[in-house]
Every structure is written in structure tokens, then in C-alpha cells.
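Asks: My questions will all concern the structure given below.
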Amino acid sequence: MVDIKNVVVVGAGQMGHGIAQMALMANYKVTLVDIKDEFINNGYTKIKEGMEKLEAKGSLPGGKSTSDFMANCKKTTDLASAVKDADIMIEAVIEKMDVKKQVFNTCGQNAPEHCILASNTSTMSITDIGKDSGRPDKCIGMHFFNPVPLMRLIEVIYSSNSSDNSVEKGIKFAESIPCLRGKRYIAKVLKDRPGFICNRITAPVQIYQNYVFDQCLEEGKSWDQLDNDSAGGAMSMTVLADFVGIDVLYHGQMYYSQTLSPDFKPGKVITQLYNEGNLGAKTGQGFRDWSKGRPEPDKSAGKARIYKMKYPIAIMLNEACRVLEEGITTSWQIIDNTLMAGMNMPGPMAANVKNSDKQVEVLNELVELTGKQYLKPCELLKSGKWVDMK
Ligand code: NAD
């Protein structure tokens with residue numbers, strides 16, 4: 000525990016209730032805030048159910064019961080009063096800048112001076128969210144991964160105005176939050192750049208995926224054939240896109256097209272599915288029909304021979320080098336650890352220490368194939384000097 004006792008979590012949805020549950024299990028006093036009683040009660044019930052499941056397995060910490068922990072959980076729709084004695088506020092409301100800013104401004108006006116204001120945004124600028132709060136030096140990013148109880152990574156992010164002290168406090172707090180799958184990994188993110196570390200490194204793989212989807216359509220091949228190109232992973236390509244949500248991909252790609260490069264613009268296939276409202280698992284139809292549960296691609300359809308696994312690896316290595324170039328972090332080992340803790344996949348760096356030149360060739364070939372200039376090898380990758388940035 001750090002010198003933090005009272006935690007306010009704003010937004011009781013998917014992320015907020017997970018954050019609140021784990022903060023309660025770390026023995027903090029937690030106040031859950033949302034805009035309607037119905038939403039708060041829903042989040043509160045999920046927290047309780049999550050703990051009851053653990054209790055049934057004898058996995059709650061310190062020999063405590065669900066009711067012991069829940070006794071420390073308050074709920075309210077009144078944010079201004081909720082933060083009156085808060086030591087840290089974690090905002091997990093919908094991904095809209097004006098809503099987030101409003102939350103930060105209310106907290107800035109009502110919370111004690113020492114209170115840290117943290118945003119769990121996946122995409123927005125922490126600097127913009129906190130700049131009118133009256134305490135920009137105390138505003139930081141605290142990016143949890145879904146589901147919060149199980150995913151080990153928390154990225155703690157500097158805005159352009161965060162003080163070292165605020166970030167260090169945020170890191171200590173993040174370290175104190177338990178994880179059900181091993182020790183938390185806290186990545187300190189030194190710059191407020193789109194996607195931070197984990198999401199940024201995987202983002203440009205979507206440029207390649209859009210090329211692949213559109214190419215498949217153009218060549219008249221089926222989604223089954225395309226999925227057979229990438230067989231072997233837990234979920235095939237189109238099923239995974241449906242599972243994540245076509246709208247989530249679409250909005251993410253639009254955001255990166257505005258902040259990183261126009262090459263991120265959603266392709267023809269994703270745009271069409273989005274416009275038709277075929278958003279994947281959540282609507283029952285996306286690339287696939289989900290009406291009878293998770294679809295299984297037809298293995299007998301053969302391969303499309305469009306998707307090649309060597310490209311995503313080279314793309315992630317290149318993006319990781321950009322993350323180093325931009326000073327978002329200083330070490331490639333941190334990048335590999337961050338990807339493992341946030342996505343359960345090995346990062347691209349360790350495996351390529353001796354392969355850097357080859358990956359430059361792969362990327363040049365990919366730029367030739369797709370015409371997407373963003374995928375060009377960056378200077379740090381070309382120089383091979385990233386290898387020394389351990
Ligand atoms: P969600 O839709 O499940 O929950 C958002 C909650 O915020 C809702 O209950 C909503 O009623 C509440 N809310 C809206 N306006 C509010 C206000 N003014 N005051 C208080 N509460 C308000 O969304 P989510 O998936 O939990 O995402 C929340 C945040 O976490 C977003 O910024 C998102 O980008 C980020 N995030 C999401 C994921 C994910 O996988 N879902 C992962 C990491 C980060």
C-alpha cells in the first residue's frame with residue numbers, strides 16, 4: 000500500500016468495475032461513480048460476483064470474505080462529493096474527450112490538492128484530458144487491459160505536464176493492485192503518444208490486415224480460405240476481427256489515421272461492414288455469422304495464399320523501433336515485456352536481435368506490395384542500433 004487510502008473509480012462499465020474490484024482486493028476504500036444508479040448497481044453486482052467466484056475457490060487474499068471487501072465499497076452518482084476525500088481518481092468513462100474533460104474538471108475543483116487524477120483512456124491525449132483541470136501536473140494516464148483482474152499490464156503514462164512525483168505515485172499504486180494471473184507488470188510510458196506502447200506496436204499490423212481483406216475480396220477468395228492462411232492461432236483472422244468488433248477497429252483506425260498516418264484509414268471491407276452495421280459478434284453478423292455462437296472456419300476450403308505471417312512480425316519490430324526513436328520508452332526489453340503482459344504474446348525484439356537486416360528487406364518488399372509508405376523501415380531499424388537499447 001502507498002499513501003493512498005481512498006480511491007474513486009468513475010465509470011462502472013467493463014473497465015471501471017474491474018479496476019474497482021481489484022482496488023478493493025488491495026484493501027483500498029473505493030467509491031464507484033456513474034451517471035445512473037442502474038449503471039452503478041450493475042457494476043457493483045459484477046464486482047461482488049467476481050469476488051464470490053474467487054471466494055468459492057478460496058482465492059480471496061488475506062483470508063477475507065466478499066462481504067469484508069464489499070464493506071469498503073461505496074457507490075454514488077455525485078462525483079463532486081465522491082472525490083472530497085479522494086487520494087486518487089481513476090476515470091474509466093466512455094471514450095469521449097468532452098466527457099473525460101468534464102470528469103477531470105469536476106475532480107480538479109472538488110478533490111483535495113494532493114489527489115492524483117488518472118485516465119484509463121485507450122486512445123486520447125492525457126495532456127488534453129487534464130489541461131483544464133487546474134492541476135495538470137497531477138494528471139496521468141493509467142491504462143489497464145481487459146479483463147482487468149487477468150491482464151497483468153498497466154501502462155502509467157506521462158502527459159506533457161505530469162510531474163515525476165505524480166507518475167511515481169501512480170506507479171506505486173498500480174504495483175499494489177493484484178492480478179489473478181501472476182505479478183503485475185507496470186510499464187512507464189514517457190511520452191503521451193497515440194496507442195502508448197502496447198496498442199501502438201500492434202496498430203500498424205491493421206494496415207496490412209486491411210490490405211489482406213481487400214485483396215481477398217478483389218481476388219474473389221473466401222474468408223474461409225483467408226482464415227486458413229493464418230491457421231494455428233487461437234482465433235483466425237476474420238473471427239478475431241468480429242470478436243474485437245468492426246466498430247472498434249474502424250474507430251481505432253480512423254483515430255490513428257488522424258494522429259499517425261493516413262495509411263491507417265479503414266479499408267474497403269472494414270468500411271463496408273461498418274456502414275452496414277455488421278459489427279461482428281455483438282450484432283450477430285460481421286465477416287461471419289455468429290447467430291449460432293463462435294463460427295468455425297471451414298478447413299477444407301483450402302488457402303487464399305494472401306496473408307503471410309512474416310509481415311506482421313516485421314511491422315511490429317519496425318513500430319517498436321519508432322517507439323524507441325520517439326522516446327516513449329528507452330529499452331527494447333521493456334517493449335517485449337509490455338507486449339507479453341498486455342497481449343500474452345512475445346514481443347518482436349528479442350527474436351530479431353540477429354535478424355534486423357532481414358526485417359528491413361521484408362518491410363521494403365511489403366511497401367512494394369501494398370504501396371503503404373508508413374510501413375517503410377524507420378531509421379533506427381535500418382541502422383540496427385536499437386539492439387544496443389536494452
Ligand atoms: P463501458 O461503456 O463499459 O463503460 C463506460 C461507463 O462510463 C458506462 O457505465 C457509462 O455509463 C459511464 N459514464 C459515461 N459518462 C459518465 C460520466 N460523465 N460520469 C460517470 N460515468 C460515466 O466502457 P469501457 O469498455 O469500460 O471503457 C471505459 C474506458 O476504458 C474508455 O476510455 C476505454 O477506451 C478504456 N479502455 C477500454 C478497454 C476495453 O477493452 N474495454 C481497455 C482499455 C481501456
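For the sequence shown, position 73 (counting from the first letter as 1) is numbered 72 according to numbering that gives the first Met the number 0, and the numbering increases by one without interruption. Don't be surprised by glycine CBs; every beta carbon is placed ideally from N, CA and C.
Please report how far the alpha carbon of Gly-276 lies from the alpha carbon of Thr-369, in whole angstroms.
Replies: Here residue 276 refers to the residue found at position 277 of the sequence shown. Here residue 369 refers to the residue found at position 370 of the sequence shown. If I take the Cα positions, the gap works out to 27 Å.
Asks: Alpha helix (DSSP H) containing Val-155: first to last residue?
Replies: The residue given as residue 155 occupies position 156 in the sequence shown. Not the alpha helix (DSSP H): Val-155 falls in the beta strand (DSSP E), residues 152–157.
Asks: Tell me the DSSP bridge mates of Ile-269?
Replies: What you label residue 269 is simply residue 270 of the sequence shown in a count that begins at 1. Answer by DSSP bridge pairing: none, since Ile-269 is not bridged.
Asks: By the 10 Å Cβ neighbour count, where 16 or more other Cβ atoms means buried, how is Pro-294 classified, buried or exposed?
Replies: As a position in the sequence shown, residue 294 is number 295, starting the count at 1. By the neighbour-count criterion, in which a residue is buried when 16 or more other Cβ atoms sit within 10 angstroms of its Cβ, Pro-294 is buried.
Asks: Just to confirm before moving on: does the CB-CB distance between Ile-89 and Val-8 stay below 8 Å?
Replies: Working through the sequence shown from its first residue, we reach residue 89 at position 90. Working through the sequence shown from its first residue, we reach residue 8 at position 9. Result yes, Cβ atoms of Ile-89 and Val-8 sit closer than 8 Å.
Asks: Please tell me whether, using a cut-off of 7 Å, the distance from the CB of Ala-313 to the nearest non-hydrogen atom of the ligand NAD is below it.
Replies: Within the sequence shown, residue 313 is the residue found at index 314, counting from 1. Using a cutoff of 7 Å, the CB of Ala-313 does not count as near the ligand NAD, since none of the ligand's heavy atoms is closer than that.
Asks: Rounding to the nearest angstrom, what Cα-Cα distance links Thr-201 and Gly-346 in this structure?
Replies: Taking the first residue of the sequence shown as position 1, residue 201 is located at position 202. Taking the first residue of the sequence shown as position 1, residue 346 is located at position 347. C-alpha separation (whole angstroms): 10 Å.
Asks: Tell me which residue opens and which closes the beta strand (DSSP E) that Cys-72 is part of.
Replies: One-based indexing of the sequence shown puts residue 72 at position 73. That run of the beta strand (DSSP E) goes 72–75.
Asks: So for Ala-313, helix, strand or coil by DSSP?
Replies: As a working note, residue 313 is residue 314 in the sequence shown. In this structure, Ala-313 counts as helix in the three-state DSSP scheme.
Asks: Answer with buried or exposed for Asp-2, where buried requires no fewer than 16 other C-beta atoms within 10 angstroms of its C-beta.
Replies: Along the sequence shown, one-based indexing puts residue 2 at 3. Exposed is the call here.
Asks: Below 6 Å CB to CB, which residues in the same chain sit around Asp-84 once its five sequence neighbours on both sides are set aside?
Replies: Counting from one through the sequence shown, the residue named residue 84 turns up at place 85. Answer for Asp-84: Asn-5, listed in chain order.
Asks: For Leu-259, count neighbouring C-beta atoms within 10 Å of its own C-beta (all shown protein chains included) and say buried if the count is 16 or more, exposed if not.
Replies: By one-based count along the sequence shown, residue 259 stands at place 260. That one is buried.
Asks: Quick check: the Cα distance between Leu-379 and Ile-327, rounded to an integer number of angstroms?
Replies: In the sequence shown, the residue the question calls residue 379 occupies position 380. In the sequence shown, the residue the question calls residue 327 occupies position 328. Roughly 14 Å between the two C-alpha positions.
Asks: Please classify Met-342: does DSSP put it in a helix, a strand, or coil?
Replies: Residue mapping note: residue 342 aligns to position 343 of the sequence shown, counting from 1. Reduced to three states, the DSSP call for Met-342 is helix.
Asks: Sorted by chain position, which residues of the same chain lie with C-beta nearer than 8 Å to Lys-448's C-beta, five sequence neighbours on each side aside?
Replies: Residue 448 cannot be examined here, being either before or after the span of the chain that is shown, 0 to 389.
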